[in-house]
Amino acid sequence: MDEKDKLMISVSGIRGVIGRGLTPEVVLRYVQAYGAFAGDGKIVVGRDSRVTGEMMRRLVEAGLMSVGRDVIDIGLVPTPTTQMAVEKLHAQGGIVITASHNPIEWNALKLLADDGLFLNAEQGERVGKIAASCNFSFATWESIGKVETYADAVADHLDALVVLPYIDTDALRTRKFRVVVDCCNGAGGVILPDLCKRLDCDAIFINREPSGVFPRNPEPVPDNLTELCETVVAEKADIGFAVDPDVDRLAIVAENGKPLGEEYTLALAAEFMLSKRPGKMVANVSTTRALDDIAEKYNSRVERTKVGEIHVATKAREINAVLAGEGNGGIILPDLHLGRDAPLGLALTLQHLLEFEGTISALYDSLPQYTMVKDRLTLPGTADSAGIVEKIKDENADQSLDLTDGVKILYERSWVHIRPSNTEPIIRVMAEAPDCEEAQRLVERFKKELLTNLTG
Ligand code: MG
């Protein structure tokens, strides 16, 4: 089957290409199943700037109304804003209409529980079962749901952000950082200009219009940030920021035009937060080990979870972590809320830079240095990816292993992580080492071993 005709189903929702895998019928069925799962109460609906977002919003709201759920429509907003609105408005749940960093033809539903977190495995399974069996009933005329709109979700988000005790807005206003922000024509355009105004930054925006027509590949990885890097240098800015279209991932560009790589967004936040408050951190298994070095310096430690925001957020709540996140530029500050939040990351980074009293590249140089190489192996559809990875585990049984998610082999100063995808016939192979060559060598070695296991 062509990739574009598939419907990707995960615990936190569904994803597909509009008009191909993701048809109106499929969307309605999932939304109605979710409405049945959520039970009585209001459901917050927010969407990113995708061109198909408005059509999806109408479907989602009609689907919820048809099963008797009331809707609070908060409009075009970042994903973390919807998560916070669920909590703030005491809703029964929420639906985010976004395909995050996927290309323009994709859209998706991300389903939230009543605490603003993504659905966990058990909750997601329940929704999936209701959808598969169509085990929901339609409301009759007298109990059809209603829709109200709420226009202040972005302002609420920023209000909660700027009063955090770690952020000195007066000092930031006095410093007046010159920043360049690339919103990729996503939902960042509805929040980051206001945030920069509140911090009185001298801000230059590129791709600010939330039109959903992405001017570049929307994933904020270094290869896609050329325009931002050039603008930072040309405008003699202190720092550059890029976000993905639903504003839960943040990437940083130094004043010399060098992208720091997404892993360092969280590493910087770790250095800043642990210097302020003692406590533990949470990150997924494939996030940089710079975090462990930083935690050690502050007599702290990093608890590792499976990959995925819900795993990180749940663990952070369980152990009352100071900071949590993922190496893809996703920062979670439990004091604010339990979701990855790029506006938060931007504010924390500026405060950090202010207190450091140097350039962002000097601040970056002061952190433990590692390079990560991320690769993947595409398997024939029939391959037993779990079995192939299992063999790697057996062959490396004498090494230090972390089996939280796939197999991670830990060496003195480096590691390799091998993880089969749940939704596609691929195995992800990632390695990190103090230098790029060593990380690359590890990736090549294990890709070769995986291929041997595949044919052997
Ligand atoms: Mg995203």
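Numbering (this note's numbering), first residue to last: 205 to 660. Note that CB positions come from ideal geometry on N, CA and C, so glycine has one too. Bear in mind that the values here come from a model prediction, so they are computed numbers and not experimental data.
| query | result |
| --- | --- |
| Integer Cβ distance of residue 298 from residue 286, believed to fall under 8 Å | 5 Å |
| Cβ-heavy atom distance, residue 283 to the ligand MG, below 7 Å | yes |
| For residue 624, three-class secondary structure by DSSP | strand |
| Residue 386: CB within 7 Å of a non-hydrogen atom of the ligand MG | no |
| Beta-carbon separation (whole angstroms), residue 251 vs residue 257, contact threshold 8 Å | 4 Å |
| Range covered by the alpha helix (DSSP H) that runs through residue 265 | 257-270 |
| Residue-chain proximity (residue 401, chain B), Cβ-Cβ < 8 Å | Of the protein chains in this structure there is only one, and it is not chain B. |
| Simplified DSSP assignment, three categories, for residue 539 | coil |
| Distance between residue 209 and residue 585 (C-alpha atoms, nearest Å) | 16 Å |
| Exposure label - residue 358; buried when at least 16 CB within 10 Å | buried |
| Sufficient close CB pairs (3 or more, under 8 Å) joining the segment 396-413 to the segment 545-562 | yes |
| Every unbroken beta strand (DSSP E) within the segment 345-423, with a cutoff of 3 residues, ordered by chain | 351-353, 382-386 and 406-410 |
| The ligand MG heavy atom lying under 7 Å from the CB of residue 541 | no |
| Close beta carbons around residue 343, own chain, < 8 Å, minus the five adjacent residues each side | 269, 270, 271, 272 and 349 |
| CB-CB length for residue 489 against residue 621, believed under 8 Å | 6 Å |
| Contact set for residue 611: own chain, Cβ-Cβ below 7 Å, skip 5 residues either direction | 593, 596, 597, 605 and 622 |
| DSSP bridge partner residues for residue 455 (one or two, in chain order) | 446 |
| Whole-Å CB distance - residue 563 paired with residue 459, under 8 Å assumed | 5 Å |
| Through-space distance from residue 219 to residue 578, alpha-carbon basis | 23 Å |
| Residue 583 versus residue 652 - alpha carbon distance | 13 Å |
| Residue closest to residue 255, alpha-carbon to alpha-carbon, out of 360, 221 and 648 | 221 |
| Residue 362 and residue 540 closer than 8 Å at C-beta | no |
| Within 8 Å, strictly: CB atoms of residue 513 and residue 241 | no |
| Check whether residue 535 and residue 469 have beta carbons under 8 Å apart | yes |
| Burial state of residue 573, where buried means 16 or more other Cβ atoms lie within 10 Å | exposed |
| Residue 361 beta carbon near the ligand MG (any heavy atom closer than 7 Å) | no |
| Nearest neighbour of residue 635, chosen from 643, 629 and 281 [CA to CA] | 643 |
| Given residue 316 as reference, the closest of 307, 590, 326 and 310 once Cα atoms are compared | 326 |
| Per-residue burial, residue 655 [other beta carbons within 10 Å of its own, 16 or more giving buried] | exposed |
| Proximity below 8 Å, CB of residue 445 to CB of residue 511 | no |
| Rounded C-alpha distance that separates residue 330 from residue 355 | 32 Å |
| Through-space distance from residue 333 to residue 345, alpha-carbon basis | 26 Å |
| Inter-stretch contact (C-beta, 8 Å, three-pair minimum) for the segment 417-430 and the segment 304-320 | yes |
| 6 Å CB neighbourhood of residue 238 in its chain, flanking five on each side removed | 315 and 331 |
| Identified DSSP bridge partners for residue 507 | 486 |
| Burial state of residue 544 (16 or more Cβ within 10 Å) | buried |
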